[in-house]
Amino acid sequence: MSTLAENLIAAVKGVAALAGAGCVALLGALYAFQRKLIFAGHAMDIGPALPIRKGRKIEVDVRNEQRPRGAPDVIVGVYFPPTKPGAKTLAFWHGNADQLGNVADFLGQALQQRLGVGFLGIEYPGYALCTSGEPTETTIHWTSQRMLRHLRETLKTPARDTVAFGQSIGGAVALKAAHDGLVGSCVLLSSFESIPAMAKALFPFIPAPRALVKDPFDNAKLAPSVNVPVLCLHGTRDEIVPFAQGRAICDLLPSSEFVSLPNCGHNDTFNGAAYRLIVDSLAAFLEGAARWGGGRVLGEG
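Under UniProt numbering, think of the first position of the sequence shown as 1, with each following residue one higher.
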């Protein structure tokens with residue numbers, strides 16, 4: 001599976017020949033192709049859209065609604081209803097190089113069976129199951145907000161019973177929903193401070209002015225104003241998003257818990273011991289563990 005770092009590395013190699021022409025040419029190339037790097041699952045061949053076999057595919061036709069340029073005609077999600085009375089529903093956003101069909105059936109069914117919660121995976125514009133639209137920060141947030149409205153109005157799940165759950169770049173979408181008061185709580189898995197911070201961490205030798213970033217996904221800016229409890233989880237061996245960035249976001253949040261995932265990287269969070277710790281942490285969080293107080297570190301190591 002392609003990752004943000006692998007795509008950025010490939011891009012740097014591809015434009016290295018331009019370095020002799022000066023920094024302006026290098027920055028110009030990165031500016032032009034940045035969305036292909038950030039939204040790798042849309043720009044690169046990750047295979048055909050995987051079918052949904054267990055959850056219920058939801059399609060919300062928005063062609064007659066006012067929407068931003070690049071928004072899809074039909075918003076796509078995968079839904080598993082809660083099985084326990086009064087249980088929460090997790091609205092989920094995957095990482096940048098994944099697709100909803102790759103994770104929704106497994107994760108939705110597992111969380112439904114283990115915790116009794118509902119699950120609504122939301123696909124990004126132009127990705128796999130969502131065949132129309134283009135992914136940008138604006139279109140992704142609009143699409144997500146519209147699907148959360150569908151969750152409230154059609155699936156009858158109030159915001160207070162909705163948990164925004166985002167992985168990697170999906171964490172930025174989840175945090176925005178939490179910031180805007182669209183959910184009652186939030187879970188961030190392998191999240192970063194911002195796209196400019198990621199670029200600086202991965203390639204400190206490339207001067208990348210913040211003004212050139214089209215989709216900053218600035219979690220660090222939003223975090224201090226988030227007024228719902230947030231659970232943050234991060235692998236100690238994350239090779240893509242620095243562990244320190246995940247910890248930094250947690251420290252900026254007014255009400256947060258941090259769980260480190262020992263010996264876990266960026267793309268193996270739903271495997272083995274890390275997955276079990278994630279589910280156990282989710283269970284505790286949903287039962288009120290967020291009231292433990294800002295930033296106490298769990299499972300550090």
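Where a beta carbon is used, it is the ideal one built from N, C-alpha and C, also for glycine.
| request: State the Cα-Cα distance for the pair LEU129 and ALA211, rounded to the nearest angstrom. | output: In the sequence shown, the residue the question calls residue 129 occupies position 129. In the sequence shown, the residue the question calls residue 211 occupies position 211. If I take the Cα positions, the gap works out to 32 Å.
| said: Using CA atoms only, rank isn't needed, just tell me which of ALA283, ALA273, LEU231, GLY272 is closest to VAL259. | reply: For the purposes of this step, residue 259 is taken as residue 259 along the sequence shown, with counting starting at 1. Ranking ALA283, ALA273, LEU231, GLY272 by Cα distance to VAL259 puts LEU231 first.
| message | Can you find the residues in the same chain that come closer than 7 Å, C-beta to C-beta, to THR138, ignoring five residues on each side of it along the sequence? | response | The sequence position of residue 138 within the sequence shown is 138, counting from 1. Counting only Cβ-Cβ distances below 7 Å, and skipping sequence neighbours, we find PRO68.
| field | Per DSSP, the bridge partner or partners of TRP93 | value | Looking up residue 93 in the sequence shown gives position 93. Looking at the DSSP assignment, TRP93 forms a beta bridge with GLY166.
| Coarse secondary structure for GLY301, derived from DSSP in three states | Along the sequence shown, one-based indexing puts residue 301 at 301. Since pLDDT at GLY301 reaches only 38, below the 50 mark, its modelled position is unreliable, and the value read off the structure follows with that caveat. In the structure shown, GLY301 sits in coil (DSSP, three-state: anything other than H, G, I, E or B).
| task | Give the single residue among PRO204, GLY181, ARG237, LEU202 whose Cα lies nearest to the Cα of LEU222. | result | As a working mapping, residue 222 is identified with position 222 in the sequence shown. Of the listed residues, the one whose Cα sits closest to LEU222 is GLY181.
| request: Name, in chain order, the residues that DSSP records as bridge partners for SER256. | output: As a position in the sequence shown, residue 256 is number 256, starting the count at 1. In the DSSP output, where bridge partners are listed per residue, SER256 has VAL230.
| request: Inspect the beta-carbon positions of PRO72 and THR154 and report whether they are closer than 8 Å. | output: The residue you call residue 72 lines up with position 72 of the sequence shown. The residue you call residue 154 lines up with position 154 of the sequence shown. No.
| query | Run through DSSP, which three-state label would VAL74 get? | reply | Within the sequence shown, residue 74 is the residue found at index 74, counting from 1. Strand.
| What did DSSP end up calling LEU120 once you bin it into helix, strand or coil? | Walking along the sequence shown from the start, residue 120 turns up at place 120. It is a strand residue.
| Are the beta-carbon atoms belonging to VAL174 and ALA159 less than 8 Å from one another? | Residue mapping note: residue 174 aligns to position 174 of the sequence shown, counting from 1. Residue mapping note: residue 159 aligns to position 159 of the sequence shown, counting from 1. The sequence given here has Ala at residue 174, not Val. No, Cβ-Cβ distance for ALA174 and ALA159 is not below 8 Å.
| message | One question on the structure: do LYS54 and ASP105 come within less than 8 Å of each other, judged by their Cβ atoms? | response | Position 54 of the sequence shown, counting from 1, holds the residue named residue 54. Position 105 of the sequence shown, counting from 1, holds the residue named residue 105. Taking 8 Å as the Cβ cut-off, LYS54 and ASP105 qualify as a contacting pair.
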